[in-house]
Amino acid sequence: MADVIEVGAARGDAPPPVGGKERRGASASRRGRATTPYLFLAPYLVLFLLFGLAPILFGVWISLHQWDLQLPNRPLVGLGNYHDLFSSDSAIYGDWWSSVRATAIFTVFSVPLLVVVPLGLALLLNRSFPGRTFFRAAFFAPYVLGVAVIGLLWRFLLDANLGLVNRLLGMVGLPSDTPWVTDVPWAWVSLVGVTVWWTCGFNAVIYLAGLQDIPAELYEAARVDGAGGWDRFRHVTLPGLRPVLLFVLTTTILASANVFGQSFLITQGAPGEQTRTVVWRIVDEGLRYYDAGRAAAMSVVFALMLAVVSIVNFRLFRYRED
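Once you know that position 67 of the sequence shown is 82 in my numbering, the rest is easy, because the numbers rise by one and skip nothing.
See below:
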């Protein structure tokens, strides 16, 4: 028997288990390793439940009630608030869809510019030339300013009577009485132009980070194969930026659809209410007219619209690594 044990020890075999303590200890160790990630995630999960999921569920609950902030009774109306948004007989129908149309116009015209213009800037700023760091900082600088600063600044610059923009246009022989903030389509030109100037620096920085992750060997191989600048951009740069493009496009759509400060401060909804967006309508309904139930219903419907757009975007531009 002793000879068998010695031979087993010489071969490096594990000794036979003495009892159940080792098995219980190993099981407890595995359970500890399994729960460790959840302990690290717990602070975020608590914050998400308190400030993310709970407000969403409470907003859906409010949308099912006639939730007047000035009245103590808040009766359940079911889907009545949602019905009002889609019923042409309701008082809110016209205003709601007018704001949806305004938001769609702004998004359709601003998103392509906020995707293409920053990409061009990033391609230029990715080259080596004197003063590159200065220009990178200069293009990003407007983004650090708040919407209140941007809105008030451009409200005065674009004023039809006293604004600097019309004065400069008059000095070069162009019309000096353009109603930049009081008439369409000039109000949309102002809103889109100011937003592109303000936020394109952020997208350019994202593109720059993506460009610097593309291996230089791919460009060298393309040059050896005789590819020109356009071919390198189409077959090397764009495929390498595909996940970055997806991120930029998705976040830009969501940000543009949630526009509020620019139209509130620059055009003030003019002319009439043609530049009054969905978020502005929700704020008015909830905080001006104190109808939190209807405002919550608008928020839920708008969130579902954006969710559908995001899903379609991901399905069309999802990244597959070959």
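The beta-carbon is built from N, C-alpha and C at its ideal position, and this holds for glycine as well.
Residue i versus residue j - alpha carbon distance
i: residue 102; j: residue 296; result: 17 Å
i: residue 113; j: residue 53; result: 46 Å
i: residue 305; j: residue 95; result: 17 Å
i: residue 140; j: residue 150; result: 8 Å
i: residue 243; j: residue 265; result: 30 Å
i: residue 71; j: residue 187; result: 53 Å
i: residue 97; j: residue 318; result: 13 Å
i: residue 61; j: residue 90; result: 31 Å
i: residue 180; j: residue 167; result: 14 Å
i: residue 253; j: residue 126; result: 18 Å
i: residue 20; j: residue 63; result: At residue 20 the pLDDT is 44, less than 50, meaning the model places this residue with poor confidence; the figure from the coordinates comes in the next sentence. Straight-line Cα distance between these residues: approximately 58 Å.
i: residue 300; j: residue 134; result: 38 Å
i: residue 336; j: residue 326; result: Bear in mind that the predicted position of residue 336 carries a pLDDT of just 47, short of 50, making it too unreliable to give a figure here.
i: residue 48; j: residue 276; result: 48 Å
i: residue 50; j: residue 59; result: 15 Å
Where the alpha helix (DSSP H) containing residue i begins and where it ends
i: residue 232; result: 231-239
i: residue 339; result: Since the first and last residues shown for the chain are 16 and 337, residue 339 lies out of range.
i: residue 331; result: 307-332
i: residue 170; result: 162-172
i: residue 245; result: 244-247
i: residue 297; result: 293-298
i: residue 180; result: 179-186
i: residue 257; result: 257-272
Member of the options whose CA lies at the smallest distance from the CA of residue i
i: residue 290; options: 300, 207, 65 and 229; result: 207
i: residue 137; options: 227, 333 and 58; result: 227
i: residue 286; options: 203, 178 and 156; result: 203
Open item on the list: Check whether the region 132-147 and the region 158-170 are in contact - that is, three or more C-beta pairs closer than 8 Å.
Closed with: Touching, no.
- [ ] Mind listing, in chain order, the continuous alpha helix (DSSP H) runs of no fewer than 4 residues lying wholly within the region 71-149?
- [x] The alpha helix (DSSP H) runs lying completely inside the region 71-149 and spanning 4 residues or more are 95-101 and 108-140, given in chain order.
TODO: Please determine if the region 272-281 and the region 108-128 are in contact, where contact requires at least 3 C-beta pairs separated by less than 8 Å.
DONE: Yes: the two stretches touch, three or more of their Cβ pairs being nearer than 8 Å.
- [ ] Say whether the region 200-220 touches the region 299-318, bearing in mind that this needs 3 or more beta-carbon pairs closer than 8 Å, one atom from each stretch.
- [x] Judged by Cβ distances under 8 Å, the region 200-220 makes no contact with the region 299-318, as fewer than three pairs qualify.
Open item on the list: Can you confirm whether the region 183-201 touches the region 276-286 when touching is taken to mean that 3 or more C-beta pairs between the two stretches lie within less than 8 Å?
Closed with: Output reads yes: the region 183-201 touches the region 276-286.
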